[in-house]
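A.B. asks: Got a structure for you, written out below as structure tokens; questions coming shortly.
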Amino acid sequence: MSAARHRQSTGASGHPRLRDVGWLVWRQHRLLIVTAAVVTLVLCVLQLLVERQLHGLNCPDSDQCAVANGDLFTRAKWLLEAVVATPALVAAFVGAPLVAREIEQGTHIVAWGQDISPRRWLLSKLAVLGAVMAAFAAVLWACARRLAEALTATAPSTVDFSRFSRLPFETLAPLVVSYCVAALALGVAVGAVVRRTLPAVAIAAALFVGSWFAIGQFVRPHYLPAARSLAPVSAAGVDSVEPNPLYLVNNSWADANGHVASYPDGCNQVQDQVAWAACLNSHGVSHRVSIYQPGRREAEFELIEAGLYGLLAAAGTALAVAATRNRVRRRP
Amino acid sequence: MNGGPAVMETSSLCAEDLGKRYRKTWALRECTFDVPSGRVAALVGPNGAGKTTLLDLMAGVLEPDTGSGRVGPAPTGAATPSARVAYLAQDRPLYSTFTAADMLDFGRRFNRRWDQARAFDWLDTFDVPLRRRCDRLSGGQRTQVALALALGASPDLLLLDEPLANLDPIVRVEVARRLLDLVAEQGTTIVLSTHVVAELPGRVDYLVVLVEGRLVLAGDIDDLLAAHAYLEGPRSNDAPGPWVTVRASHSERRSRFLVEHSGDGPPPLTHPTWQATPVGLEDLIMDYLQAANDRPADLAGVDHRG
């Protein structure tokens, strides 16, 4: 071997370089990345098609419109559901196998046997894959938002696309991006702990869907302390406190001093609005109490939710790093 | 380049009371030895003796349950990083969708030190197709790719698990020769495991013998050979002299003892009917393996050398 051919290369101080990690991620996961791109593209095209159809509607009578175009509205909602479901796919098929498959196939010995620590390897791969997945999610959301806005503008009340419901909250803001990043980290953590691909895929998907459901259902209404307002019961009826609250936690009744009072069931028999108000007043009920999240908090809620998923992503990453530091290989 | 090839800071391998357990079974226990820098050490033992476990522990793939292993000396003064280890694992893990060239590309990108020419020359020498996916390579070719990756990284310590196992006989000789030549150039420490004693390459100069997870013999081969001898004489239950008997074998009228003594050369014998002969490496290893088998399992390997 001549001295000239005996070339030694020495890595730069920023080891490994971004393009090297990029090369590895592309070389190792290109099938996954291409699949994600195709899924993004297909969903996007479908959404834009449905969006055009929605804009083409001419609906003077909203009830008849809902009946006549029920399929279209249903399709639009399902497409948005599909967008919200994609992070679960990221958790299962991108995140979970990332470490689990390496360990299962023994290639972690190769991956971590070079001049790169398991921690660096994991963090740099996560960063690159996370950026790629976030980019796809952003594109997907750009399409989803157009569809969600079209639906908001055209859907009659029976379609239930008001601010009360989950879907518009999750699709009108780019929350899907934060879901995807959290799903990736969570999936990687599950894979690093479980160390077997198939169970990791199932657990990661279940865990992500479970947390997403629990957050949406049980945590989201309490991101901020609910507002409370009193509306007087008068002959003109009860004023609507907030035409479009984000969440209506509950409605109850109160007396003149603002103390909670029970609704007098007897007043239900009264048909006349004026008499009904008088009936309530005679039972000491003078106000309706609304506990709700005002609609103007929408942006705050979305920020809080994104932050929550950011925390989830950080926790998943920390867990994955802790699990790979302990390099114990499972024996057959 | 940071000042060209660094001065080779060769490493040693040191195990202290190293142990690893899988559930209730000890795969390796109370393993203490020290391989000096720049040596070629053979890790010998029957299948299931704990050779792979020991290599996994040394490579950092496994974490020990007891004791500790150390790779590389504390760098003398200079702020050199800890010893670089390359590990040829038993099942030759490679990324199945990568080509052989991709594997080397991977090595080049993720090692601070990388010898591209050496890695490619290796594959060239052994006719490994560069553009074929690793999952379509033969077992022998996979070994060559894994070896090329390990050699390209120019490690201080090279751990090889049965490096010749799935190579054909002609290639085997060539690989052993080139491997040892290459590392001799650079002063790399090699630890290679094998269960075929007859196949020990000539340049091996250090020996570690494992039986059932226990260390039964470890040391410089010249020292070990010098410290052992066969004593042959009339049939008797005990060997003459104050020496430690490793193994006794008896025929009808004669007895032969493998003894360990402290001095160089055959031990002085006072009794004229006894004859001392030197020991060969293969016989030495075989007798230690046999001796461990002869003993009840719970005592196997207890009286090993320190």
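Protein chains in written order, with the working numbering: chain U, -10 to 321; chain Z, 29 to 334.
Ideal placement from N, C-alpha and C gives every residue a C-beta, glycine not left out.
1) Are Val166(U) and Trp110(U) close, meaning C-beta to C-beta below 8 Å?
2) Which residues of the segment 120 to 143 of chain Z have a Cβ closer than 9 Å to any Cβ of chain U? Give them in chain order.
3) In angstroms with no decimal places, state the Cα-to-Cα distance between Val23(U) and Arg51(Z).
4) Any residues in the segment 70 to 96 of chain Z with a beta carbon nearer than 8 Å to a beta carbon of chain U? Which ones, in chain order?
5) Go to His256(Z), then tell me how far its beta strand (DSSP E) extends in each direction, as first and last residue.
6) Measure the alpha-carbon distance for Lys66(U) versus Leu156(U) and round it to whole angstroms.
7) In or out: Ala320(Z) buried (at least 16 other Cβ within 10 Å) or exposed?
8) If we cut at 8 Å on Cβ distances, does Ile92(U) have a partner in chain Z?
9) Over what stretch of residues does the beta strand (DSSP E) that includes Thr60(Z) continue unbroken?
10) Hey, could you find the ends of the alpha helix (DSSP H) Leu83(Z) is sitting in?
11) Expressed to the nearest angstrom, what Euclidean distance is found between the alpha-carbon atoms of Thr108(Z) and Pro64(Z)?
12) What are the complete beta strand (DSSP E) segments, minimum 3 residues, inside the segment 265 to 302 of chain Z?
13) Output needed for Ala204(Z): all residues of its chain with C-beta closer than 6 Å, excluding positions within five of it in sequence on either side, in chain order.
14) How far does the beta strand (DSSP E) with Gln282(U) in it extend, from its first residue to its last?
15) Buried or exposed, going by whether 16 or more other CB atoms sit within 10 Å of the CB of Trp15(U)?
16) Would you report the Cα separation of Leu297(U) and Ser124(Z), rounded to the nearest angstrom?
17) Which residues in the same chain as Pro107(U) place their Cβ atom closer than 7 Å to its Cβ, once the five residues preceding and following it in sequence are excluded?
18) Have a look at Gly241(Z) and His223(Z) and give me their C-alpha separation to the nearest angstrom.
19) Would you report the Cα separation of Leu195(Z) and Leu151(Z), rounded to the nearest angstrom?
20) Could you tell me if Arg281(Z) is buried or exposed, where buried requires 16 or more neighbouring beta carbons within 10 angstroms of its beta carbon?
21) Quick one: what's got a C-beta closer than 8 Å to Val88(U)'s C-beta in the same chain, skipping five residues either side?
22) At least one CB of chain U closer than 8 Å to the CB of Tyr115(Z): is that the case?
23) Determine the direct distance from the alpha carbon of Pro145(U) to that of Arg277(U), and round the result to whole angstroms.
24) Once DSSP output is grouped into helix, strand and coil, what is the label at Pro221(U)?
25) Using CA atoms only, rank isn't needed, just tell me which of Ala304(Z), Thr298(Z), Trp271(Z) is closest to Ser290(Z).
26) Thinking C-alpha only, which one of Ala127(U), Ser241(U), Gln36(U), Ala216(U) is nearest Tyr222(U)?
27) Mind pulling the chain U residues with CB within less than 8 Å of Arg112(Z)?
28) Please list, in chain order, all residues of the same chain as Glu70(U) whose beta carbon is under 8 Å from its beta carbon, the five residues on each side excluded.
29) From Gly308(Z) to Val232(Z), what does the alpha carbon distance come to, in whole angstroms?
30) Let me make sure I understand the geometry here. Which of Ala303(U), His272(U), Leu213(U) has the alpha-carbon closest to that of Ala293(U)?
31) Give me whichever residues DSSP pairs with Asn391(U) in a beta bridge.
32) What are the partner residues of Ile198(Z), as DSSP defines its beta bridges?
33) Any residues in the segment 175 to 195 of chain Z with a beta carbon nearer than 8 Å to a beta carbon of chain U? Which ones, in chain order?
34) In this structure, how does DSSP classify Leu7(U) when only helix, strand and coil are distinguished?
35) For the segment 172 to 224 of chain U, list the beta strand (DSSP E) runs that are entirely contained and at least 3 residues long, ordered along the chain.
36) Chain Z beta carbons: is any one of them nearer than 8 Å to that of Pro214(U)?
C.D. replies: Here's the rundown:
1) For the purposes of this step, residue 166(U) is identified with residue 177 of the first sequence, where counting begins at 1. For the purposes of this step, residue 110(U) is identified with residue 121 of the first sequence, where counting begins at 1. Going by C-beta atoms, Val166(U) is not nearer than 8 Å to Trp110(U).
2) So the list reads Arg120, Pro121, Leu122, Tyr123, Ser124, Thr125, Phe126, Asp130, Met131, Asp133, Phe134, Gly135, Arg136, Arg137, Phe138, Asn139, Arg140, Arg141, Trp142, Asp143, given in the order they occur along the chain.
3) Translated into the one-based positions of the first sequence, residue 23(U) becomes position 34. Translated into the one-based positions of the second sequence, residue 51(Z) becomes position 23. Between Val23(U) and Arg51(Z), the C-alpha separation is close to 42 Å.
4) Result list: Asp84, Ala87, Gly88, Val89, Leu90, Glu91.
5) Sequence index remark: in the second sequence, residue 256(Z) carries index 228 (1-based). Judged by DSSP secondary structure, His256(Z) falls within the beta strand (DSSP E) whose first and last residues are 256 to 262.
6) In the first sequence, residue 66(U) corresponds to position 77, counting from 1. In the first sequence, residue 156(U) corresponds to position 167, counting from 1. Each residue's Cα considered, the two are about 8 Å apart.
7) On the second sequence, position 292 is the one that residue 320(Z) refers to. Classification for Ala320(Z): buried.
8) For the purposes of this step, residue 92(U) is taken as the residue at position 103 of the first sequence. Cβ-Cβ to chain Z under 8 Å: no for Ile92(U).
9) Taking the first residue of the second sequence as position 1, residue 60(Z) is located at position 32. Element bounds for Thr60(Z): 53 to 63.
10) Within the second sequence, numbered from 1, the residue matching residue 83(Z) stands at position 55. Where Leu83(Z) is concerned, the enclosing alpha helix (DSSP H) stretches over 79 to 87.
11) To locate residue 108(Z), count along the second sequence from 1; it is residue 80. To locate residue 64(Z), count along the second sequence from 1; it is residue 36. Low local confidence applies: a pLDDT of 39 at Thr108(Z) is under 50, so the model's placement there is unreliable, with the coordinate-based value given in what follows. Distance between the alpha carbons of Thr108(Z) and Pro64(Z) is about 19 Å.
12) Counting whole runs of 3 or more residues, the segment 265 to 302 of chain Z contains the beta strand (DSSP E) stretches 272 to 278, 282 to 288.
13) Taking the first residue of the second sequence as position 1, residue 204(Z) is located at position 176. So the qualifying residues of the chain are Pro229.
14) Counting from one through the first sequence, the residue named residue 282(U) turns up at place 293. Here the beta strand (DSSP E) through Gln282(U) covers 276 to 282.
15) The sequence position of residue 15(U) within the first sequence is 26, counting from 1. Classification for Trp15(U): exposed.
16) Numbered from 1 along the first sequence, position 308 holds the residue referred to as residue 297(U). Numbered from 1 along the second sequence, position 96 holds the residue referred to as residue 124(Z). Rounded to whole angstroms, Leu297(U) to Ser124(Z) spans 38 Å at the Cα level.
17) The count along the first sequence starts at 1 and reaches residue 107(U) at position 118. For Pro107(U), where only same-chain residues beyond five positions count, the Cβ hits under 7 Å are Trp101, Thr313, Arg314, Arg316.
18) Locating residue 241(Z) in the second sequence gives position 213, counting from the first residue. Locating residue 223(Z) in the second sequence gives position 195, counting from the first residue. Our two residues, Gly241(Z) and His223(Z), have alpha carbons roughly 14 Å apart in a direct line.
19) Residue mapping note: residue 195(Z) aligns to position 167 of the second sequence, counting from 1. Residue mapping note: residue 151(Z) aligns to position 123 of the second sequence, counting from 1. Cα to Cα, the separation comes out at about 14 Å.
20) Taking the first residue of the second sequence as 1, we reach residue 281(Z) at position 253. Exposed.
21) The residue labelled residue 88(U) in the question sits at position 99 within the first sequence. Cβ neighbours of Val88(U) beyond the five flanking positions: His97, Leu111, Val177, Gly180, Ala181, Arg184, Ala309, Ala312, Thr313.
22) Taking the second sequence and counting its residues from 1, one reaches residue 115(Z) at position 87. Interface residue, yes.
23) Within the first sequence, numbered from 1, the residue matching residue 277(U) stands at position 288. Within the first sequence, numbered from 1, the residue matching residue 145(U) stands at position 156. For Arg277(U) and Pro145(U), the distance between alpha carbons rounds to 27 Å.
24) Taking the first sequence and counting its residues from 1, the one referred to as residue 221(U) is at position 232. In the three-state scheme derived from DSSP, where H, G and I count as helix and E and B as strand, Pro221(U) is classed as strand.
25) As a working mapping, residue 290(Z) is identified with position 262 in the second sequence. It is Trp271(Z).
26) The residue you call residue 222(U) lines up with position 233 of the first sequence. It should be pointed out that residue 222(U) corresponds to Val in this sequence rather than to Tyr. Among Ala127(U), Ser241(U), Gln36(U), Ala216(U), the Cα nearest to that of Val222(U) is on Ser241(U).
27) Taking the first residue of the second sequence as position 1, residue 112(Z) is located at position 84. Result: Asp104.
28) The residue you call residue 70(U) lines up with position 81 of the first sequence. Once the five neighbours on either side are set aside, the close Cβ partners of Glu70(U) are Leu156.
29) Reading the second sequence from its first residue, position 280 is the one you call residue 308(Z). Reading the second sequence from its first residue, position 204 is the one you call residue 232(Z). Each residue's Cα considered, the two are about 14 Å apart.
30) Here residue 293(U) is taken as the residue at index 304 of the first sequence, counted from 1. Here the sequence assigns Ile to residue 293(U), which means Ala is not the residue at that position. Minimum Cα-Cα distance from Ile293(U) among the listed residues Ala303(U), His272(U), Leu213(U) corresponds to Leu213(U).
31) Because residue 391(U) is not part of the residues shown, which for chain U are -10 to 321, the question remains open.
32) Taking the second sequence and counting its residues from 1, one reaches residue 198(Z) at position 170. According to the DSSP secondary-structure assignment, Ile198(Z) is paired through a beta bridge with no residue.
33) Residues passing the 8 Å Cβ filter: Leu177, Ala181, Ser182.
34) Within the first sequence, the letter at position 18 stands for residue 7(U). For Leu7(U), the secondary structure class from DSSP, reduced to helix, strand or coil, is helix.
35) As for any beta strand (DSSP E) of minimum length 3 sitting wholly inside the segment 172 to 224 of chain U, the runs are 216 to 223, ordered along the chain.
36) Reading the first sequence from its first residue, position 225 is the one you call residue 214(U). Under the Cβ criterion of 8 Å, Pro214(U) is not counted among the residues facing chain Z.
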